[in-house]
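To start, the structure itself, in C-alpha cells.
There are 2 protein chains.
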Amino acid sequence: MATVTDITVSASINSLSALLFLVAFAILRLQPINDRVYFPKWYLKGIRENPSTCGSYVKKFVNLDVRMYLRFLNWVPAALRMPQPELIDHAGLDSAVYIRIYLLGLKIFVPIALLAFAVLLPVNYTGGNFQTMTTTMKMKDITFGEIDKFSISNVPPESKRLFAHIVMAYVFTFWTCYILYKEYKIVTDMRLHFLASQIRRPDQFTVLVRNVPSDPDESVSEHVDHFFRVNHPDQYFLHQVVYNANNLAKMVDQKKDLQNRLIYYTNKHERKPNKRPTTKTGFWGLWGKEIDAIDYYTEEIEKLSKEEIAERERVIDDPKAVVPAAFVSFRSRWGAAVCAQTQQTRNPTCWLTEWAPEPRDVYWNNLAIPFVELNLRKLVMAAALFGLTFCFMVPIAIVQTLANIESIGKVLPFLKPLINKESVKSFIQGFLPGIVLKIFLLVLPMILMEMSKIEGYVAVSALEARSAGKYHLFLLVNVFLGTIITGTALQQLKEFLKQSPSEIPETIGVSIPMKATFFITYIMVDGWAGVAAEILRVVPLAIYHLKNIFLVKTEKDRDEAMDPGSLLWPITEPRLQLYFLLGLVYSTVTPILLPFIIVFFAFAYLVFRHQVINVYNQKYESAASFWPDVHRRILIGLMISQFTLLGLLSTKKAANSTPFLVALPILTFWFHRFCKKRFESAFRKFPLQDALIKDTLERATEPQLDLKAYLKDAYIHPVFKGGEVELTPVDEEDDHHYLVATKRTSRQAGTQEPSEHIGANEENALGEEDGKSEENALGEEVGNYEADTLGEDVGANDEYALTEDDGSKDDALVEDVGNIEDTGGVVK
Amino acid sequence: MATVTDITVSASINSLSALLFLVAFAILRLQPINDRVYFPKWYLKGIRENPSTCGSYVKKFVNLDVRMYLRFLNWVPAALRMPQPELIDHAGLDSAVYIRIYLLGLKIFVPIALLAFAVLLPVNYTGGNFQTMTTTMKMKDITFGEIDKFSISNVPPESKRLFAHIVMAYVFTFWTCYILYKEYKIVTDMRLHFLASQIRRPDQFTVLVRNVPSDPDESVSEHVDHFFRVNHPDQYFLHQVVYNANNLAKMVDQKKDLQNRLIYYTNKHERKPNKRPTTKTGFWGLWGKEIDAIDYYTEEIEKLSKEEIAERERVIDDPKAVVPAAFVSFRSRWGAAVCAQTQQTRNPTCWLTEWAPEPRDVYWNNLAIPFVELNLRKLVMAAALFGLTFCFMVPIAIVQTLANIESIGKVLPFLKPLINKESVKSFIQGFLPGIVLKIFLLVLPMILMEMSKIEGYVAVSALEARSAGKYHLFLLVNVFLGTIITGTALQQLKEFLKQSPSEIPETIGVSIPMKATFFITYIMVDGWAGVAAEILRVVPLAIYHLKNIFLVKTEKDRDEAMDPGSLLWPITEPRLQLYFLLGLVYSTVTPILLPFIIVFFAFAYLVFRHQVINVYNQKYESAASFWPDVHRRILIGLMISQFTLLGLLSTKKAANSTPFLVALPILTFWFHRFCKKRFESAFRKFPLQDALIKDTLERATEPQLDLKAYLKDAYIHPVFKGGEVELTPVDEEDDHHYLVATKRTSRQAGTQEPSEHIGANEENALGEEDGKSEENALGEEVGNYEADTLGEDVGANDEYALTEDDGSKDDALVEDVGNIEDTGGVVK
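Residue numbers (our numbering), protein chains in the order written: chain X, 26 to 853; chain A, 26 to 853.
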C-alpha cells in the first residue's frame, strides 16, 4: 500500500517523461526536414508549401531561428484556437466528434471530482476504521497506506457514513446520465447537420443490394436492373455490378511493391553510377543467384503488367466474376432512402438493401457472402472471441515456455556460452515472457480486425466498429477484471461459475479499493506518457526519413512517403473507455484517483486536437456513426461501477442499502434503452424529410445537373479506377417509361409449371367470390404452396415485369395483366 | 412415488371424466334449443337457419331423433374433414394456424416418443441403480415407484449408459429444430399467401402516425395533411384524425345497459300486464325509493341520449379533443408500405409511422401517449411484472389470513354459531385459501391485460401478444419452477441468488425426475379433462339461456344473446407452451410421460378444430402474426430442457459430458437468431414487391375504383359509426398537384428568428466554397445549432412546404426555393 510520497514520486517521474517527450516534439517539429512528419495534413490539403524551396541549404534541414525555440509550447494555443465548425470542415466530423469524447470525460469527471473531494474525502478520512483496527488489534505488521485513508476502506462497517456514498452514487449516476444525454443530443444534431450540409456524394443516392438471387435466364446485371425498374418504377436510375477482383487487387499491390524496389535500385545506381546494383532471386533477396537488380525488376514488372491486363479482361468478360451484389443508384435521395429502409421481397434473405457506404469505405471482399454462411461465420467468430478473451493466456504461456533459455540453447547452440552467463540468463528469463505478451497485445487488434472481416461486414467503418467492440470486451475482462482478481481470465470464469451471483460483486468490491494505487500508476504510465509519445510520432518519423533516403526522387514521391496515419479508432477508443470505467468505479470508492483521470483527459484532448488538425488523415468519413457505441460503453462502465459499489457495501454489512443500490443499474439500463430509442435511429437511418429537402434544393439550384455522369463510375472497384476498359453497361436512353422486356416471356408458352402458383394467387386477388368452387381451388393451391420453396416463389413473382407508363398508364397495365392472366390461367 | 397402478387409476378416472363431458356435449349439441350455443359461427355467417322455424313445438327444444344419438361422436370426423384452405377461408388464418400448434406438438413428440421408448426405456430400466441401492444400503423404508424405474434415476452415477441420454438430447434437439424450421417456413408462406390473396382492406393502404408534434399555427389535421403532402408527394391520399372519444364511448355503453334493463322490465310487464314492474333508485336497484321501472328507464335513456348528442358535438368541434395521432391513407399499397417502414423526420420521437392495425383491431385509448411517458410506463410495468411474478403469493397470503374463521366471525357476528361448529370450521379453513388462489388465477389474465394496456400498445392483437408473454413468464416461474422447487417464487429467487450459477441447474435437475408423476397427473387433469370441458361450453350455455328468458324479444335479440366467444389466445397459448416444455424436459429424463402429452395434443387438436369451425368468432385477424412468439417460446422450453439435463448429468458425475451439453443451448440460441433473421420480417414488414403486385393488378382490373369513398370513413372511432355528424373534413378536389399553402408564410416577414438556422443550412448546401468566410458563418450556425432543440428544428423544416408539380415541376420549385432563400437570407 503506497504512501502519498510514493504516488508523488511516481507522478513526478511520469510527468517528467511526458515533459521530455513534449520538449523533444517541440524541437523536432520546428526542423523543416521533419515538416512533413508533423504537418502532413496541410500538405495533403495543398495549403502548406515545401519549406525547402526557399532559404539556404542548412535552413532546409535545421531551424536556426532562436525565437521560435523560445515559443516552443505555442502549439498548445494553436491546437485550441480552431473553432469546432472549422475543425469539422478541416478534419471531418469523425475526428471532431472523437476529440469530444475527451471533453466529455472532463465534463463528467471535473464536477464529480469536486463533489467527491468536498463530501467523500472528509467522510472517509475521519472514518477512523484503520485507527481502531490498528489500536484494538495491535496489528502493527499491517500498515495501511495514506491513500487508503482517503478511501472507503477507512469507513468502519455498519457506519452511517456509508449513507454519504450511496447518495453520491445517485448524484454521480444522474450527473453522468445527464451529461451523456446532452452529449448524445449534441452529437446527433452535429451529425444531422453535417449530413444535411454535406455536398453531393454518390452514397446519398446509392443503395447496396446483396444476396441477389441467381436466375437461370438473366445475368446478375439484367436481373438487378429489371427488379428495381419494376419495384421502384419512378425512382430507379442505374446500377453497378460488383466484380470479384480480389486476385487483380493482389496483382496491383504486387506490382507496386516491385516498382518501389526498382526505384530503390535506380536511386542506388544514380548515386554510384559506376556500379550496377545486384540482388538475389531468393526470398527477400537474401539468397539465390545474384543478378542485375534493375534489369530483373524491369522485367518482372513488365511480366506482371501483362498478366494484370489479362486478368483485368478476364474479370470483366467472365460472368462468373460478377458477385451477386450491386450498387443501385436512384434518381433522388428520397428514392434511395426509401429503398434502403424497406424490405423488397417476401424472402428476407435475398434482395437485402442497405445504405451504400462511402465508395472509399467499401470493403470489397465481403460483398458476396450468402446468408446462411454469414450466420455460420458469426457463430464461429463468437465462439472464437469467447476463447480468445478467456483463454488468451494459454497460447501465450505455451510460447513463453517454448521460448525459454533451454530451448534457445538447443536451437541455436552457438549462443550457449553467452546464455549460460548468469546475468544474461536472468535478463532473458525476465525479459522474454514480457516481450511475448507485448507482441501479442500489439498483434491483438489485427487479429480482432481479421475476425471482424470473417464476420462479413461490408464497410471498413463497420469492421472497425466491430473490432472496437471486441477489443473493449477483451480489455474489460483481461485488464480490468484481470487486475482486480489476479489470475487468468479462465480461472476467473471458473471461480465465478462456482460462486453465487451475489458473491461476484462482493469479490470484486472487496479488492477494488486495494487496487487504487496500481491503477493510479497505470493511468500515469499508459495515459500520460503514452499520450505524450503519441504526439512525438517516433515510428512515422523514422519511416519517413528512411523512405526519404532510399526511395524518394520527386516531389510526388515525397508526398507518398509521408504517412499521416489516422486515428486508430478500434484501438484508442476501447482503451479510452477504460479511463471512463476507472473514473466511475473509483469516484465513490477512492476519489483521490479522479484528478489523475482528469489530467489524462485534459492532456489527451490537447494532444489529439493537435494531431487531428495537423497530422491525421482519415480514410473515410462515417459522420460520427460510432457515437452510439461510445455512449453504450460508458453506460456499461457506469453499471459496472454500480455493481461493484453494491458488492463493496454488502461486505460493509450495509444490507439495508441494497434496495437503494439495486435500483441504480435498473434505472441506468432504462436510460440506455431510452437513449437508444430517442437517438440511435439518427445514426442508422436517413429520414425522408431531410432527403426531400436536399433533393428539392438541388433540383432548384442545379436543374442542369448530369446525375448520370456523376454516379456512373462512383462505385467501381479501386483497381478499375482510371482503367481503360469501359465497365458499366450504360442504358441507351434516359427513358424509364417502358415495359421491361425479360427473356422469360419466351418461356411462357413452353413450361408453365413455375407460374402456376402465382397464377392461382391472382385469380384470388381478382375478387371473384363464388363460394365452394373457389375454396377448392385455393385448397390445391395452398397444398402446392407449402411444398414450394420461397426461392421459386420469388422467381415466379418476377414474371410481373411491368412498370407504369405515366402517359398511357392504364392501357399498358391492362396489357401487362392480360399477359399475367395468360400465364396464370392454367389453374382453371 | 407412484406405482404404475396409481397412474393407471388416475388415468382412467380422468379419461372417464373427459368422456362424460364429451357425452354431455354430444347430447346437448343435438338439442335445437342449444343450437345457437354450439354452432354460433354458422349463424353469424348467415348459413345456418333457426331450427325452430319448422316442426312441432316439442321438436323446437328437444331432439327426438334416436338415430342421431347413436351417431353422437360424428362431430369428430366432421371436425377433421374440412381441408385447411377452406378452414382459413371459414375461420381466418389466426385460427387455422393456432390449431396447427397442436399438430406441431404431435409432429415433434410422436417421433421423439417412439425413439425414446425404443432406446431410453430399456437403457433406464436395466440401469439397476435402485436395486443396488436398496440391496447394499438396506434402505427398505425408501420405496421407489415403478415409474422411476423407467426414468434416468435408475441409471447409476458415472455409468456409460448416460451416453445414450446425451446422444438422444442431440437427436431430440435437432428433430425439434428441424420441425420448428419447417413449420415456421410453412406458416410464413401461409401468411404471405394469405396477405397476397386477401381482398382489399383499408389497413393495406393506411399507416398510423403517432406523436404528431404540436404546431402553434395549424390544427393537427392541417399539420398532418401538409406534412405528408410534402414528404410523400405522389403517394399521399387522405387522412383521418383521431378523436379522444373515451367519454362518449362510456356513455354509449351506459345507454346500452339502460336499454337492456328497459327491455327486461318491458318483457316482465308483457308477461304480467296487470302489474307495472317497479325498481329502486339506489345502487343496483337494491334500495332507495320505489318507482315505476319502465317510466324510470325510459326517462333515463332520454336524458342520456341528450347528453350523448351534446358530447358528440363537443368532441367534434373541440380542437382539444383531437389527439396528436392520425390514420394516413395512401394512393397505393406501395406508398403505405414505404411510409410504414421509413423514418419520416430526424427526430425519431415524432411522426412515428407504423402499419395501421385493422379497424376493428385498433385500441383507441392508447393512441395519444407521448414518447417519454410511454417509456416510463414500460419501466413501471416491467417492475410490476417482476413483482407480480415473484411475489404473487404475498398478497394472496394476506387475503387468506384476513379471510380466516376468526375474522369472519368478527365481521359477521351472526354467523358465529354456525362457524363454531367443528365440521364447518374445518371445511371453510381448508376451502377458503384454495378459492382465494383460484380467484386470483382467474383474474390474473385480466390483470396482465390491464398492464399491457398501460404499456400503451395501440392494437388489440399487440395487447394480447404482450399479455400472453407475461402469462408465459408467470406460468414458467410459478407453475413449472414452483412445482419443482417447492416454495414461493420469492424464496426461490433468494435461493438462486445465493447459489452459484452452476448449482441452479443441478438443483432443478435433481428434482425433475421426482416430479414426473405429479406432472402426469397435471396433464390429465388440466389437459385432458380441461379440454373436454372446453367443448361443453357450460358458462356460455347458461348465459345464453338466461338471456333468452329475460331479454330476448326478436330474432335480432337472439342473435345478440349468442356469445360465440373466441380463442382466448393470451391464456390458452401460454398454457399450451407448458406442455411443450414438459414434453421436452421429460423426453430424455422420464420418457414415459410423453404418451400423456401426445394424447393431450391429439385430443386438443380435435376439440379446438371443432370449436374453431363451429363456435369461435375471432374479433380480429392478425394473419398469424403471433407465430414468432410461439416459435420463440418453444425454443425457450427446449433450452430449459437442455439446462436441466446438464444439471441432472452433473449430479450423476458425468462431468466429461458437460462440454457436449453446453454446446446444445448455444446451438439452439443460434438457431433462434437464424430463424428470426430468416423469417421474422415476414411477420413485421410488408415487402414492396408484394404491395406493387397487388396495386398493379387492382389498377388493371378495377380502373374505376373509387378508393376515396372506400377509405374515407374506414378509421372512425366505433362510437361515431353510423352517426349523423359529418366527420372527416374531406378535401375539395382530388388534385394533388399544387403548392401547399401554410399559414406560416404570413409569419415570414415578421419574425425571422426560427428560420435563421435552416437558412444557414441552405447556404451551405448551395455549394459555394469560399474558404474562411463560409467557415466562420458555419461556426456561428453550429453554435446556434447546439443550443437548438430538435423540436424547433422540425418546425423550421416545415417551412419547406412544397410539393412537386408534374407538369411545370421545375419552375414551381424554383419559385419555392426562391422563397426559402428569402427566409434564409438573414445570415449573410
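Don't be surprised by glycine CBs; every beta carbon is placed ideally from N, CA and C.
Here the structure is a predicted model, which is why all the values come from computation and not from measurement.
Along the region 355-371 of chain X, going in chain order, the ones with a CB nearer than 8 angstroms to a CB of chain A are 362, 363, 366, 367, 368, 369, 370 and 371. Less than 8 angstroms divides the Cβ of residue 690 (chain A) from the Cβ of residue 667 (chain A).
For residue 148 (chain X), the enclosing alpha helix (DSSP H) begins and ends at 118-150. Beta-carbon to beta-carbon, residue 269 (chain A) and residue 351 (chain A) are separated by about 13 angstroms, too far to satisfy the 8 angstroms threshold. Secondary structure note for residue 190 (chain X): its alpha helix (DSSP H) is the uninterrupted segment 187-222.
Under the Cβ distance rule, residue 699 (chain X) counts among the residues neighbouring chain A, one pair being separated by less than 8 angstroms. Look at the region 38-75 of chain X and you find these whole runs of alpha helix (DSSP H), each 4 residues long or longer: 60-63 and 65-70. The beta carbon of residue 550 (chain A) sits closer than 8 angstroms to the beta carbons of 39 from its chain, once the five residues preceding and following it are set aside; these are given in chain order. The three-state secondary structure of residue 305 (chain X), taken from DSSP, is strand. Taking C-beta atoms under 8 angstroms as the contact rule, residue 637 (chain A) and residue 556 (chain A) fail to qualify, at a distance of about 13 angstroms. For residue 655 (chain X), the closest C-alpha among the options X:56, X:697, X:640 and X:645 is that of X:697. With contact defined as three or more Cβ pairs closer than 8 angstroms, the region 113-121 of chain A and the region 138-146 of chain A are not in contact. For residue 268 (chain A), the uninterrupted beta strand (DSSP E) run begins and ends at 261-268, by DSSP. Membership of residue 594 (chain X) in the alpha helix (DSSP H) is indicated by the continuous run 594-614.
A distance below 7 angstroms between beta-carbons, with the five flanking residues on each side excluded, links residue 121 (chain A) to the following residues of its chain, in chain order: 109, 112 and 113. If you keep only unbroken alpha helix (DSSP H) runs of at least 4 residues inside the region 310-383 of chain A, you get 318-342 and 358-366.
Residue 595 (chain X) is positioned such that its CB atom lies closer than 8 angstroms to that of residue 496 (chain X).
For residue 234 (chain X), the enclosing beta strand (DSSP E) begins and ends at 231-235.
The three-state reading of DSSP puts residue 640 (chain X) in coil, since its state is none of H, G, I, E or B. Shown here for residue 62 (chain A): same chain residues with a beta carbon closer than 7 angstroms to its own, the five before and five after excluded, namely 562, 565, 566 and 569 in chain order. Chain A places a beta carbon closer than 8 angstroms to that of residue 374 (chain X), counting this residue as a contact. The contact set of residue 712 (chain A) on chain X, defined by CB atoms closer than 7 angstroms, consists of 368, 369, 370 and 371 in chain order.
For residue 483 (chain A), the secondary structure class from DSSP, reduced to helix, strand or coil, is coil. Residues of the region 217-238 of chain X whose Cβ lies closer than 7 angstroms to any Cβ of chain A, in chain order: 217, 218, 221, 222 and 224.
Taking every protein chain shown into account, the CB of residue 704 (chain X) has 16 or more other CB atoms within 10 angstroms, so this residue is buried. Scanning X:178, X:490, X:69 and X:216 for the CA closest to the CA of residue 540 (chain X) turns up X:178. One finds nothing in chain X with a Cβ atom closer than 8 angstroms to the Cβ of residue 663 (chain A); even the nearest lies about 17 angstroms away. By the neighbour-count criterion, in which 16 or more other beta carbons inside 10 Å mark a residue as buried, residue 99 (chain X) falls on the exposed side. Under the 8 angstroms criterion on CB atoms, residue 400 (chain A) is classed as interfacial with respect to chain X. Residues of chain A with a Cβ closer than 7 angstroms to the Cβ of residue 706 (chain X) are, in chain order, 368 and 373.
Taking a Cβ-Cβ threshold of 8 angstroms, the residues of chain X close to residue 256 (chain A) are 713, 714 and 717, in chain order.
By the 16-neighbour rule on beta-carbons within 10 angstroms, residue 412 (chain A) is exposed. CA-to-CA, the gap between residue 671 (chain A) and residue 614 (chain A) works out to about 11 angstroms. Beta-bridge pairing by DSSP links residue 556 (chain X) to no other residue. Residue 387 (chain A) carries a strand assignment under DSSP once its states are collapsed to helix, strand and coil. Cβ contact annotation for residue 391 (chain X) (same chain, cutoff 8 angstroms, sequence separation greater than five): 478, 481, 482 and 483, in chain order.
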